[in-house]
Structure formats: C-alpha cells, structure tokens
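Just so we're aligned, residue 61 is where the sequence shown starts under the numbering used here, counting upward by one.
Note sheet for the following structure.
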Amino acid sequence: MPHANKTEVLLSILQAQPVIPVLQIANLADAVPLTRALARGGLPAVEITLRTPDAMDAIRLVTDEVEEAVVGAGTILTPRQYDKVAAAGARFIVSPGTTIELLEAARSNDVPFLPGASTPSEVMSMREEGYSVLKFFPAEQSGGAAFLMALSSPLAGVRFCPTGGISPANALDYLKLPNVICVGGSWVAPDNLVRAGDWEGITELARQAVAMAASAQDRDISSSG
Ligand code: 3PG
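Dropping the structure here:
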C-alpha cells in the first residue's frame with residue numbers, strides 16, 4: 061500500500077478518537093473485558109503495549125473477539141516485533157522512537173506506523189521520511205504542551221499524538237493545540253481498577269475522557285467563531 065494511503069488509514073483511526081488508552085496487559089484474561097469496557101465508554105481504539113509476556117496474545121485475542129475494538133500495538137522496538145504484531149491483527153503500530161530498521165519494516169508492511177519523536181531534529185528526519193503524523197514521547201518529560209506549541213509554526217504540517225505523563229489534569233492543554241490529533245495515556249485503565257475487575261469503573265473513566273475531549277473541541281469552535 062502506498063505510504064500516503066497508510067497515513068490516511070492512521071489518521072482515520074486517530075481523528076475518530078481524541079484519547080487513546082495505552083494498555084499494559086498483565087493478565088490475558090483481562091484483555092477482552094477491559095477493551096469491551098473501554099469501547100462501551102466510547103474508546104474502541106486502544107494501544108496494547110508489548111511490555112508484558114501476554115501482550116502478543118492479547119492483541120490476537122482482542123482482534124478476534126472484540127468486534128468493536130481497533131487494536132494498535134505499542135512499544136515496538138524491532139522489525140520482528142513489527143511483523144509479528146501486524147500478523148496478530150494490529151491495525152496501527154506505535155514505537156517510542158524510531159530506527160532505520162523500523163522504518164524499513166514499516167515500508168514493507170501495510171499496517172501504518174506511528175513513530176515516536178521528541179526533538180525538532182527527530183521530527184525533521186521523520187518528515188523527510190514522509191511521516192507527518194508522529195507520537196510525541198515522553199510528552200510531559202520532553203517539554204509538554206508548551207514545547208509542542210512551539211513546534212507548530214516552524215514544523216507546520218506535522219501533527220502529533222502525545223503520550224507519557226498525560227492525565228485529566230493536562231490532557232486539555234494538548235488537545236487544544238493546532239498540531240495535536242489525539243493524546244494517549246494509561247489513566248483510563250488504571251492498574252487498581254483492572255486488578256479489581258472494575259470494568260464499570262473503567263467504562264466511566266472512558267466516558268469522562270470522551271466528555272473532556274469534547275469540551276476541547278467546543279472551545280476550539282467558540283474561539284474560532
Ligand atoms: C506510552 O507508552 O505511551 C506511555 O508510557 C504512556 O504513558 P502514561 O502511562 O504516563 O500514560
């Protein structure tokens with residue numbers, strides 16, 4: 061698939077959902093009820109990170125069993141992982157940074173890539189590779205919303221999904237920026253609620269995230285009109 065088409069596929073997923081849950085699945089048995097709970101609250105697209113032994117099986121299981129879910133794979137560090145998560149059904153693939161090897165894997169695979177960048181030079185390199193949609197990671201530690209705002213003029217045309225340290229307290233600061241498509245975060249699926257199997261609590265957190273993001277859009281409309 062041509063690169064431009066992959067970017068369109070990625071954009072259609074990220075633009076549909078301003079908050080993407082970042083999940084670390086410690087127990088495979090949690091994967092289906094957790095992603096169903098998030099989807100019920102309005103967050104069907106999730107990033108399952110490859111940081112636990114069960115992550116690969118979780119991607120496969122949720123892809124097979126949760127029809128409404130849009131499963132992305134995160135923390136991809138090697139070309140082998142890229143190919144494996146794509147084969148497991150991942151619809152988008154996220155990495156904390158980028159390597160030449162990962163860019164090659166992304167080029168030869170139809171599943172779109174969301175590479176990480178956190179400096180102007182990294183953003184420029186990715187732009188040269190044809191990537192106009194990037195993960196900004198680790199967002200808070202790299203300078204936060206003010207840093208991203210400062211990139212919006214010199215690096216216009218590049219848009220970001222910031223993750224790392226984002227919570228209800230600061231998510232709106234990012235979502236209001238012209239160069240932010242969505243934010244990613246683990247706050248909608250906290251460990252204590254997952255361990256307790258409190259799926260209703262997670263649905264409620266998802267609903268709150270959706271409502272918060274809608275308020276950012278309202279503000280955009282009122283400030284532009
Ligand atoms: C990620 O992998 O994108 C981040 O680690 C998520 O960060 P958070 O746990 O601070 O939301």
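We put the CB at the ideal spot given by N, CA and C, even for glycine.
Exposed or buried, residue i, counting other C-beta atoms within 10 Å across all chains shown (16 or more means buried)?
{"i": "Glu107", "result": "buried"}
{"i": "Thr179", "result": "exposed"}
{"i": "Gly217", "result": "exposed"}
{"i": "Thr158", "result": "buried"}
{"i": "Pro238", "result": "exposed"}
{"i": "Gln75", "result": "exposed"}
{"i": "Ala99", "result": "buried"}
{"i": "Ala206", "result": "exposed"}
{"i": "Leu265", "result": "buried"}
{"i": "Arg167", "result": "exposed"}
{"i": "Ala273", "result": "buried"}
{"i": "Gly176", "result": "buried"}
{"i": "Gly190", "result": "exposed"}
{"i": "Arg120", "result": "buried"}
{"i": "Met61", "result": "exposed"}
{"i": "Ala133", "result": "buried"}
For residue i, tell me which candidate among the options has the shortest Cα-Cα distance.
{"i": "Asp258", "options": "Gly157, Leu94, Glu125", "result": "Leu94"}
{"i": "Gly102", "options": "Arg267, Ala199, Met272, Glu68", "result": "Arg267"}
{"i": "Ile80", "options": "Ala229, Ala276, Ala269", "result": "Ala269"}
{"i": "Asp117", "options": "Ala147, Leu137, Ser213", "result": "Ala147"}
{"i": "Thr135", "options": "Phe197, Leu121, Asn230, Pro62", "result": "Phe197"}
{"i": "Pro78", "options": "Leu235, Arg96, Asp124", "result": "Leu235"}
{"i": "Val254", "options": "Leu70, His63, Ala89", "result": "Ala89"}
{"i": "Pro139", "options": "Glu164, Glu260, Val92", "result": "Glu164"}
{"i": "Ser213", "options": "Val240, Pro228, Glu188, Ser202", "result": "Val240"}
{"i": "Pro156", "options": "Glu125, Thr123, Phe220", "result": "Phe220"}
{"i": "Pro228", "options": "Ala249, Glu127, Ala210", "result": "Ala249"}
{"i": "Asp251", "options": "Asn87, Leu71, Val92, His63", "result": "Asn87"}
Give the C-beta separation of residue i and residue j to the nearest angstrom, bearing in mind that I take them to be a contact with Cβ-Cβ under 8 Å.
{"i": "Leu208", "j": "Pro222", "result": "6 Å"}
{"i": "Ala105", "j": "Ile73", "result": "6 Å"}
{"i": "Arg96", "j": "Val130", "result": "So it is not a contact: roughly 13 Å between Cβ atoms."}
{"i": "Ala199", "j": "Ile226", "result": "6 Å"}
{"i": "Val92", "j": "Glu128", "result": "Actually they are not in contact, since the Cβ atoms of Val92 and Glu128 sit about 12 Å apart, beyond 8 Å."}
{"i": "Val183", "j": "Leu211", "result": "7 Å"}
May I ask you to list the residues that DSSP assigns as paired with residue i?
{"i": "Arg219", "result": "Val193"}
{"i": "Pro81", "result": "Gly245"}
{"i": "Val92", "result": "None; Val92 has no bridge partner."}
Checklist entry - Would you say the region 159-178 touches the region 64-73, given that touching needs at least three Cβ pairs under 8 Å? => result Flag = yes, the region 159-178 and the region 64-73 touch.
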